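What follows is a single structure, written as structure tokens, with notes after it.
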Amino acid sequence: MTTSTNPDAQVLSTDARQRLLEQFSSTPSEQHGEKWAELWTQNFLPWDKGCASPSLEDLLAQKKQELGLACASSSKARKRVLVPGCGKGYDVLLFASYGLDAVGVEISPPAVVQARAWVDSQLEKLDTINYGSVTFIEGDFYKDTWVQSLSLESAGTFDYIYDYTFLCAMPLDMRPAWASRMAHLLRPGSGYLICLEFPLYKPLETGGPPWGLTSDTYVQLLGENFEREMHFQPERWHDIGKGTDWMSVWRRRAGEAAAQL
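Note that the sequence shown ends on residue 250 in this note's numbering; no numbers are left out.
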């Protein structure tokens, strides 16, 4: 899949970043959900690229064996993947195509409506015989209510979690909670956290969202409960991350699910 090569893309991106800064400036963390919902209602979606991440497409295609995806669609009990902050669900549907039961969670009600509509429009065109299920649900990633509504236990319930443009949307004081929640939700000993590291090009002091990150940020946040098994620069990206995004894959260490902050 490819992305737009519009020569005005960088200008639009700069304008979008300024609007995001203004949207969330001085807004308490507990009110961020309402602010994201406003943007969805206004159809202001500069993060929406219209397709799944090319970097993720390549990872899943090239590392099926290493990630345990080779027999996912034939398992009696399908493996389960979570995409927090899933947007319109492009990556959720991609995971389902590998036989995984895929869940996308969004704090914004209009995002869930749009995700369901987009995926329904795609499923009409596809041969989904080997697909896993696709579920979108409204909820706060850091609370258990949405997990319970799926009739699941929260601790260790997911085999995979994918993060792209989710951590970078978090206020800085939420980063430790992000890490402990990931550890809590993933299956100890075998669960994988897949991170498309973005935006590595952006200095932290320029503000957010998206807030600047480095690969060391992930190491510092995840090192206690995860082992990094892959870290490489993809060959394909969305334009905004071209030449700067890195992909990391973290295996949840064995042991009790981490205490949540």
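Every residue gets a Cβ at the ideal spot worked out from N, C-alpha and C, and that includes glycine. These figures come from a predicted structure and were not determined experimentally.
Quick check: residue i and residue j, are their CB atoms within less than 8 Å of each other?
i    : j    : result
Y120 : A168 : no
S44  : P223 : yes
M73  : F130 : Checking the displayed sequence, the identity of residue 73 turns out to be Pro instead of Met. A contact, by the Cβ cut-off of 8 Å.
W235 : S204 : yes
E194 : Y207 : no
R69  : L49  : no
G93  : C75  : yes
S42  : D80  : yes
G196 : L34  : no
G145 : W107 : no
W239 : L210 : no
R242 : F215 : yes
C184 : S237 : yes
H173 : Q51  : no
T233 : Y190 : yes
S18  : M163 : yes
L83  : E55  : no
I323 : L139 : Coverage of the chain is limited to positions -10 through 250, which leaves residue 323 absent and any answer about it impossible.
Just to confirm the assignment, what range does the beta strand (DSSP E) spanning residue i have?
i    : result
E218 : 215 to 221
R69  : 69 to 73
D152 : 149 to 152
Which of the three DSSP states is assigned to residue i in this structure?
i     : result
R241  : strand
W226  : coil
W36   : coil
D4    : helix
S15   : coil
A41   : coil
S251  : The structure shown does not extend to residue 251, since the chain is modelled only from -10 to 250, so the question has no answer here.
Q51   : helix
Q249  : coil
D(-3) : Since pLDDT at D(-3) reaches only 32, below the 50 mark, its modelled position is unreliable, and no value is offered.
Can you tell me where the alpha helix (DSSP H) holding residue i begins and where it ends?
i    : result
K231 : Neither: K231 is in no alpha helix (DSSP H) and is coded neither H nor E.
K24  : 21 to 30
With three or more beta-carbon pairs closer than 8 Å as the criterion, would you say the region 12 to 29 touches the region 85 to 100? Three or more Cβ pairs drawn from the region 12 to 29 and the region 85 to 100 lie within less than 8 Å of each other, which places the two stretches in contact.
Could you check whether the region 196 to 212 touches the region 158 to 173, counting it as contact only if at least three pairs of C-beta atoms, one from each stretch, sit closer than 8 Å? Yes, they touch.
Any 3 or more C-beta pairs closer than 8 Å across the region 177 to 191 and the region 145 to 154: In short, these stretches touch, since the Cβ pair count reaches three.
Could you tell me which uninterrupted beta strand (DSSP E) segments, each at least 3 residues in length, are contained entirely in the region 56 to 130, listed from first to last along the chain? Fully contained in the region 56 to 130 are the following beta strand (DSSP E) runs of length 3 or more, in chain order: 69 to 73, 90 to 95, 123 to 127.
Suppose only complete runs of 3+ residues qualify. What are the beta strand (DSSP E) ranges in the region 155 to 220, listed by chain order? Counting only runs of 3 or more, we get 181 to 186.
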